[in-house]
Each structure stands twice: as C-alpha cells, then as structure tokens.
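These protein sequences, in sequence, are chains A and B. If you're matching positions, the first sequence starts at 1 in the working numbering and goes up one per residue. If you're matching positions, the second sequence starts at 145 in the working numbering and goes up one per residue. Here a beta-carbon is modelled for each residue, glycine too, at the ideal position from N, C-alpha and C. Following: one structure in structure tokens, then a few remarks.
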Amino acid sequence: MKKKILNTLKLSFPSRSANEALARSIAAAFVSQLDPTMEELCDVKTAVSEAVTNAVVHAYPDRVGTIEMTLRLLEGGEIDISVRDKGRGIENIDLARTPTYTTGGADRSGMGFTIMESFMGYLRVLSTPGRGTSVRMRKKLGHE
Amino acid sequence: MRVEYKTNHRGTEVVLWGELDHHAARTALAEIHAWLDQTMPMHLTLNMARLSFMDSSGIALVLSLYKRMAALGGILEITDLPPFARRILKAAGVEKLVSIPA
Chain A
1 MKKKILNTLK
11 LSFPSRSANE
21 ALARSIAAAF
31 VSQLDPTMEE
41 LCDVKTAVSE
51 AVTNAVVHAY
61 PDRVGTIEMT
71 LRLLEGGEID
81 ISVRDKGRGI
91 ENIDLARTPT
101 YTTGGADRSG
111 MGFTIMESFM
121 GYLRVLSTPG
131 RGTSVRMRKK
141 LGHE
Chain B
145 MRVEYKTNHR
155 GTEVVLWGEL
165 DHHAARTALA
175 EIHAWLDQTM
185 PMHLTLNMAR
195 LSFMDSSGIA
205 LVLSLYKRMA
215 ALGGILEITD
225 LPPFARRILK
235 AAGVEKLVSI
245 PA
C-alpha cells in the first residue's frame, strides 16, 4: 500500500566533500519534526553521510557532479530518504553491497551500504552504469 | 574536525574533536601520519571522547593507524569511545584487531 506523503524537502548540491556534513545536518533537521530519539537521529545522519559520500567518491571520481537528495515524511512516522546522482553507476550492485568490498582504496572501509542497511532497516539500490545511481532508504521513527 | 596531540603516561595520545566523516578524515589522517613520522611512538592512544559524529570513514582511519603502529611493533589503543562510534567500529569487526573499551 502506498503511504501518504505528509511533508517533503528536495535539494540538489555539488558533489564536494564539504557537502557531506551539510546533507546529513539538513536530514537531521527534517527528521526532527518526528521527535526522534538521539539514537534514531544519529542513525539517519550516519546513513545519509554514507550515501552522500558514496556519490562524492564513486559516482563522480574525477569531476564535480550534482547530487539530489529527497526527504519525505510518510504517514505512520516513517521517513523516506533518496540520494541520487547522474554519475558513473555501479556495474555489480550485489558485489558493491558486500561488507568490506570497496573500489575506493585504503581510505574507504567498504562498509557504507552495510551501515545504511543496518541503521535504516530498508535499503534499495538502483543503478545504470554510465547513467547514475539511486539509493532509497526508509526508517520508522519513534512511537506512533 | 580538529586533532589534538598530547603525551600521557603510556606514550602519546591523539584526541579527535568534532565530526569524523570522509571530508574530515582525509586531512586528519594525513596530519596524524605526518606527526607519527616525527614522534615514532610505541604506544598510541586514540581518544574519541570529543567526537560528535562518526561514519564509516572512522573505520578506515582506525585501520590505517592500526596498520601503521603494528608495522613498527607498536600498540594502538582506543579510549573513550562514544556509543555511536562503537556501533560503527563493531559493524566492521574492528574489535578483533584493536581492543576497544567496554
């Protein structure tokens, strides 16, 4: 069943690493209307940070592209977050989602998707090589 | 994010202040390695008490410092780990390599 959207915020920003902090702070501010616990707020910030970092590092490895983030508040206290890019795309999504697998070198841990999934509960990754990637996460917050 | 360097009774201590993400980790890690090049401590304490945020970039930072200390026959110790940082490190099984406080 499709859930009713109660509030929404869309933003797009260049894939500069300084925007990782900006994106997660905005997501935290948006989620605050649900009166989340500190831990829930931290989960959302971390998941958004991972998704945006992936786009900065992997989608646009040698140029600055555009990242689009959409935040939706759904009925029943659920938050829906989408992070999209029009970058390089992922050839093998199952492999990319494998814990500790990374193409990012020694300064990346390969734990991004694993953390997004375990902190949010729901994660869907769609990608077309050469066209871009869309990451969708959902989490139910607080008590109804 | 800011990095503070101290000496304690066991050797040297690095205190991480603020938000540890991909943006901050790149500069911080290069800076810490440069500092280790100069001081060559046998015992390094990584104090995380002052962190207000950490994502998976923290895993790569810890592993990088662990490898560096192990290569020199030294020890890396993590102290004052906030709950959010503990969850991240445990997700990656870092406690199998580096002892993290209970």
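Taking 7 Å as the threshold (beta carbon to beta carbon), is residue i in contact with chain B?
i, result
"Gly121/A", "no"
"Asp62/A", "no"
"Asp94/A", "no"
"Ala23/A", "no"
"Ile115/A", "yes"
"Thr103/A", "no"
"Ser15/A", "no"
"Glu144/A", "Here Glu144/A scores only 44 on pLDDT, less than 50, and its place in the model should not be relied on; the value that follows carries that caveat. No, its Cβ sits nowhere closer than 7 Å to a Cβ of chain B."
"Arg124/A", "no"
"Ser32/A", "no"
"Ala18/A", "yes"
"Thr98/A", "no"
"Thr8/A", "no"
"Ser109/A", "yes"
Regarding residue i and the ligand HEM, is the C-beta to nearest heavy atom distance less than 6 Å?
i, result
"Ser200/B", "Ligands are entirely absent from the displayed structure, and the ligand HEM is therefore not among its contents."
Closest Cβ-Cβ distance between residue i and chain A: below 7 Å?
i, result
"Ile203/B", "yes"
"Ser200/B", "yes"
So what does DSSP say about residue i, is it helix, strand or coil?
i, result
"Ser25/A", "helix"
"Ser208/B", "helix"
"Lys4/A", "coil"
"Val147/B", "strand"
"Leu184/A", "Residue 184/A is absent from the model: chain A starts at 1 and stops at 144."
"Arg88/A", "coil"
"Ile244/B", "coil"
"Pro14/A", "strand"
"Met198/B", "strand"
"Glu163/B", "strand"
"Val64/A", "coil"
"Asp35/A", "coil"
"His187/B", "strand"
"Asp80/A", "strand"
"Glu144/A", "Because the pLDDT at Glu144/A is just 44, under 50, the model does not fix this residue reliably, and the value given afterwards should be weighed accordingly. The answer is coil: DSSP assigns Glu144/A none of H, G, I, E or B."
"Glu20/A", "helix"
"Met213/B", "helix"
Just confirm the distance between the C-beta atoms of residue i and residue j, as a whole number of angstroms; I'd bet it's less than 8 Å.
i, j, result
"Ser134/A", "Ser82/A", "6 Å"
"Gly155/B", "His187/B", "3 Å"
"Gly76/A", "Lys140/A", "7 Å"
"Gly65/A", "Gly130/A", "No, Gly65/A and Gly130/A are not in contact; Cβ-Cβ is about 13 Å, not under 8 Å."
"Met198/B", "Ile244/B", "Actually they do not touch by this definition, with Cβ atoms about 13 Å apart."
"Met116/A", "Ala47/A", "5 Å"
At a Cβ cut of 9 Å, what residues of the segment 223-236 of chain B count as close to chain A, listed as they run along the chain?
From the segment 223-236 of chain B, only Pro227, Phe228, Arg231, Ile232, Ala235, Ala236 have a Cβ closer than 9 Å to chain A.
Please name the residues in the segment 126-140 of chain A whose beta-carbon is closer than 7 Å to at least one beta-carbon of chain B, in chain order.
Answer in chain order: no residues at all.
Completely contained alpha helix (DSSP H) runs for the segment 90-131 of chain A, where each covers 4 or more residues
Fully enclosed alpha helix (DSSP H) runs of 4 or longer: 93-96, 112-120.
Interfacial residues, the segment 149-182 of chain B to chain A, with Cβ spacing under 9 Å
Along the segment 149-182 of chain B, the positions whose C-beta sits under 9 Å from a C-beta of chain A are Glu163, Asp165, His166, His167, Ala168, Ala169, Arg170, Leu173, read in chain order.
If the cut-off is 8 Å on Cβ atoms, which residues from the segment 60-92 of chain A count as contacting chain B, listed in chain order?
Correct list: empty, as no residue qualifies.
What are the residues of the segment 36-50 of chain A that lie near chain B, defined by any Cβ-Cβ distance shorter than 7 Å?
Listed by position, the residues of the segment 36-50 of chain A near chain B (Cβ gap below 7 Å) are Cys42, Lys45, Thr46, Ser49, Glu50.
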